[in-house]
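Worksheet for the structure shown next.
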Amino acid sequence: MEEVTANLKRSKKKQLQEVADGMLKVYRTLVRMRYLEEEWIHEGPHDMTAVLPLCRRLGIDDSIIYLYSILPYVDTYDAESVDFFKGGDFIDLRDASEIDQARNPMYADDEREVLRPWMTALSAIGNHDTALIYDARKHVIGMFNQMNSASADPHIHEGATGFFDEEEFLRMDEEERRVRETKGSDDDDDNDDESETMDEKEDDTDDGGEEDDEIDTDDGDDDWEDDENVWDEMDARPADTVLRQMVAWYEGLAELPGGGERSGREWAREITKPLYEKHGWPRRDFDGDAFLADQARAQALERARYDAEEPLRKLRETRDRVQAGEAAEARAKKELAGAGTADPEEAWLGRWRAWREGFLLREARRELRELEEKAERTCPGGQAVRPGEEALRELRILRGEVAYQRGDLERREGEVEAAGGAGKASAPLLVRRAHAARRLAVLQRALDACAADVGDGDVSVPRGVDETGLDLDEMLDHHTRGLKQCEIGVEALRGWLSEVPGDVKRTREEAERMLEGYERSIGDFEKGRSACLPKDADVKVSEA
Numbered sequence: 326m327e328e329v330t331a332n333l334k335r336s337k338k339k340q341l342q343e344v345a346d347g348m349l350k351v352y353r354t355l356v357r358m359r360y361l362e363e364e365w366i367h368e369g370p371h372d373m374t375a376v377l378p379l380c381r382r383l384g385i386d387d388s389i390i391y392l393y394s395i396l397p398y399v400d401t402y403d404a405e406s407v408d409f410f411k412g413g414d415f416i417d418l419r420d421a422s423e424i425d426q427a428r429n430p431m432y433a434d435d436e437r438e439v440l441r442p443w444m445t446a447l448s449a450i451g452n453h454d455t456a457l458i459y460d461a462r463k464h465v466i467g468m469f470n471q472m473n474s475a476s477a478d479p480h481i482h483e484g485a486t487g488f489f490d491e492e493e494f495l496r497m498d499e500e501e502r503r504v505r506e507t508k509g510s511d512d513d514d515d516n517d518d519e520s521e522t523m524d525e526k527e528d529d530t531d532d533g534g535e536e537d538d539e540i541d542t543d544d545g546d547d548d549w550e551d552d553e554n555v556w557d558e559m560d561a562r563p564a565d566t567v568l569r570q571m572v573a574w575y576e577g578l579a580e581l582p583g584g585g586e587r588s589g590r591e592w593a594r595e596i597t598k599p600l601y602e603k604h605g606w607p608r609r610d611f612d613g614d615a616f617l618a619d620q621a622r623a624q625a626l627e628r629a630r631y632d633a634e635e636p637l638r639k640l641r642e643t644r645d646r647v648q649a650g651e652a653a654e655a656r657a658k659k660e661l662a663g664a665g666t667a668d669p670e671e672a673w674l675g676r677w678r679a680w681r682e683g684f685l686l687r688e689a690r691r692e693l694r695e696l697e698e699k700a701e702r703t704c705p706g707g708q709a710v711r712p713g714e715e716a717l718r719e720l721r722i723l724r725g726e727v728a729y730q731r732g733d734l735e736r737r738e739g740e741v742e743a744a745g746g747a748g749k750a751s752a753p754l755l756v757r758r759a760h761a762a763r764r765l766a767v768l769q770r771a772l773d774a775c776a777a778d779v780g781d782g783d784v785s786v787p788r789g790v791d792e793t794g795l796d797l798d799e800m801l802d803h804h805t806r807g808l809k810q811c812e813i814g815v816e817a818l819r820g821w822l823s824e825v826p827g828d829v830k831r832t833r834e835e836a837e838r839m840l841e842g843y844e845r846s847i848g849d850f851e852k853g854r855s856a857c858l859p860k861d862a863d864v865k866v867s868e869a
């Protein structure tokens, strides 16, 4: 890295270290919030030798290359899916593809929207969400959402948009003040202790340039001044201020972990915010283990309610399908009645489409009758969850989750053993195993708490739940019904095709494609059904 740091002033390196330290504090705050795990954070300095040629080819400024070498990065080793600030993604600027992406964080087609050499993204937009953009010349950070050209930073007047409305903006300032008063001198050491800046760690003679304690605002040439670029005047604020306030927003719960497409439903604001408050965040005595257990229970309860309402949802969907089928059949019959008979191919196509819509409508009505019976049986009067049932349903979900996670941990342990044990296994394998073990402990704690609430209630669970986490009887019913529907379709189509002349090609092709689809599905349903059957069972479709 000597060629990179040779011309960097001490003051510039200090600014860049501020950014690295600030990002690290944000990540450590997310660790304290139990969103990230310590092993997922990879602090600098990093060896950038492999990507230095790419950086040179892209014309990236030395200040940004140096920043890449000292930034902390988040890599879960696929132990978990996580997203970052305001639904964006973490970015690893040791990776060639992500370095390339960081030059054009909004995936713009216009060259004027590609970042200047002295700028970089500090996070990615995820699925059209928010990225942090750093300008090393001005030492500022902006927040921008791909779907909104205005700043997403609530402290910039143009950007009071995104996740913050006016009321939330005012509340956020009040929460920042409350956090400062609450914490006082009782701050967590991880967020109190300022990291050493690089110039404190290194000898002053190795600062790569003249000593200069003034803050740099422009240390490059002016070759770019005549080129237009949308990022030159981006709405931004001092980098250290932005990163410090990001920590405060998380501590004040104005911002919460998750919220993007990668993190699960358990990280939804309506679940996590009350639980953070319940368990003492952001105080030193915040009970992270209890938070995670309650989070698992909240997710299980939400899923239990959703599963209980499935018969009612299916009923509504099928009623809509019947209504749409009636309209489709009427159209097909009308078209058939108005069609001429001069062209046999067209005449047969009209008959085929009218028959097809009629067949699909009859099947939808048959399914509707079955679903009406099931809904009345499982959700009498339209009530999916009866009084006193919620905790029992939650318990059954948690038992399945524990069984599944136990199996996942066994798989992870098997991977480590296959690699020669903990002493020889790679870091990713060890991290994934450790995460699986922690997750199992969380779910077991949630299950124990739920079981205590249920007491002596009926805690029986469907076949397979305790062993695999799967309701094998429900899956068997799904595959059996699907198989029956396909067999009805195959029989009906073969009967209809037997009456179609061999030279009516288009009609036969359409009908045969539909027949082939049913026949393929029969194989899939038979395999799924066999996997769900009890041992030594021999149940025919007509008996199920």
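Okay, so the sequence shown: first residue is 326 according to our numbering, each after it adds one.
Note that beta-carbon positions come from the ideal geometry of N, C-alpha and C, so glycine has one too.
Can you tell me which of the options puts its alpha carbon nearest to the alpha carbon of residue i?
{"i": "Arg428", "options": "Asn470, Asp781, Ile395 and Trp556", "result": "Trp556"}
{"i": "Glu651", "options": "Ala672, Phe684 and Ile847", "result": "Phe684"}
{"i": "Thr643", "options": "Arg690, Asp552 and Glu328", "result": "Arg690"}
{"i": "Ala579", "options": "Glu586, Gly585 and Gln570", "result": "Gln570"}
{"i": "Asn470", "options": "Ser448, Asp773 and Lys598", "result": "Ser448"}
{"i": "Tyr391", "options": "Leu341, Val356, Asp614 and Glu595", "result": "Leu341"}
{"i": "Ser336", "options": "Glu682, Arg462 and Val399", "result": "Arg462"}
{"i": "Ser406", "options": "Glu423, Glu841, Glu824 and Trp365", "result": "Trp365"}
{"i": "Glu835", "options": "Ala475, Val376, Gly713 and Gly675", "result": "Gly675"}
{"i": "Gly820", "options": "Leu858, Ala762 and Arg681", "result": "Arg681"}
{"i": "Arg770", "options": "His480, Gly613, Ile450 and Asn452", "result": "Gly613"}
{"i": "His371", "options": "Gly412, Asp386 and Asp420", "result": "Asp420"}
{"i": "Glu714", "options": "Asp781, Lys598 and Lys699", "result": "Asp781"}
{"i": "Met559", "options": "Arg437, Tyr601, Gln624 and Ser823", "result": "Arg437"}
Let's test the definition: count the other Cβ atoms within 10 Å of the Cβ of residue i and tell me whether it reaches 16, buried, or not, exposed.
{"i": "Met358", "result": "buried"}
{"i": "Asp454", "result": "buried"}
{"i": "Met431", "result": "buried"}
{"i": "Glu576", "result": "buried"}
{"i": "Ala561", "result": "buried"}
{"i": "Glu343", "result": "buried"}
{"i": "Thr374", "result": "exposed"}
{"i": "Ala398", "result": "Here the sequence assigns Tyr to residue 398, which means Ala is not the residue at that position. With 16 or more other Cβ atoms within 10 Å, it is buried."}
{"i": "Arg641", "result": "exposed"}
{"i": "Gly707", "result": "exposed"}
{"i": "Pro712", "result": "exposed"}
{"i": "Pro826", "result": "exposed"}
{"i": "Asp434", "result": "exposed"}
Taking the alpha-carbon positions, what's the residue i to residue j distance?
{"i": "Lys334", "j": "Met326", "result": "15 Å"}
{"i": "Ala679", "j": "Pro636", "result": "30 Å"}
{"i": "Ala766", "j": "Phe616", "result": "13 Å"}
{"i": "Val741", "j": "Pro753", "result": "10 Å"}
{"i": "Gly745", "j": "Glu726", "result": "29 Å"}
{"i": "Lys339", "j": "His367", "result": "20 Å"}
{"i": "Glu328", "j": "Ile596", "result": "50 Å"}
{"i": "Tyr402", "j": "Phe409", "result": "16 Å"}
{"i": "Arg353", "j": "Arg845", "result": "51 Å"}
{"i": "Tyr631", "j": "Thr703", "result": "13 Å"}
{"i": "Thr445", "j": "Val756", "result": "29 Å"}
{"i": "Gly384", "j": "Lys749", "result": "40 Å"}
{"i": "Tyr360", "j": "Pro582", "result": "7 Å"}
{"i": "Leu457", "j": "Val647", "result": "49 Å"}
{"i": "Gly842", "j": "Ala657", "result": "22 Å"}
{"i": "Ala709", "j": "Asp619", "result": "23 Å"}
{"i": "Gly875", "j": "Ser394", "result": "A query on residue 875 cannot be resolved here, the shown segment of the chain reaching from 326 to 869 and no further."}
{"i": "Asp828", "j": "Phe850", "result": "33 Å"}
{"i": "Gly605", "j": "Gly848", "result": "54 Å"}
{"i": "Lys598", "j": "Leu768", "result": "20 Å"}
Look up residue i in the DSSP assignment and give the residues it is bridged to.
{"i": "Pro563", "result": "Val465"}
{"i": "Ile458", "result": "Ala446 and Gly467"}
{"i": "Asp417", "result": "DSSP output for Asp417 lists no bridge partner at all."}
{"i": "His367", "result": "Tyr398"}
{"i": "Ser476", "result": "Phe469"}
So is the beta-carbon of residue i under 7 Å away from any non-hydrogen atom of the ligand ZN?
{"i": "Phe410", "result": "In the structure shown, the ligand ZN is absent, as is every other ligand, since no ligand is present at all."}
Compute the distance between the beta-carbons of residue i and residue j, then report whether it is under 8 Å.
{"i": "Ala629", "j": "Ile722", "result": "yes"}
{"i": "Glu697", "j": "Arg831", "result": "no"}
{"i": "Leu797", "j": "Arg788", "result": "yes"}
{"i": "His760", "j": "Glu362", "result": "yes"}
{"i": "Glu719", "j": "Arg590", "result": "no"}
{"i": "Ile813", "j": "Glu654", "result": "no"}
{"i": "Thr464", "j": "Ala564", "result": "Reading off the sequence, residue 464 comes out as His, not Thr. Contact: yes."}
{"i": "Leu818", "j": "Met800", "result": "no"}
{"i": "Asn452", "j": "Glu586", "result": "yes"}
{"i": "Asp460", "j": "Trp443", "result": "yes"}
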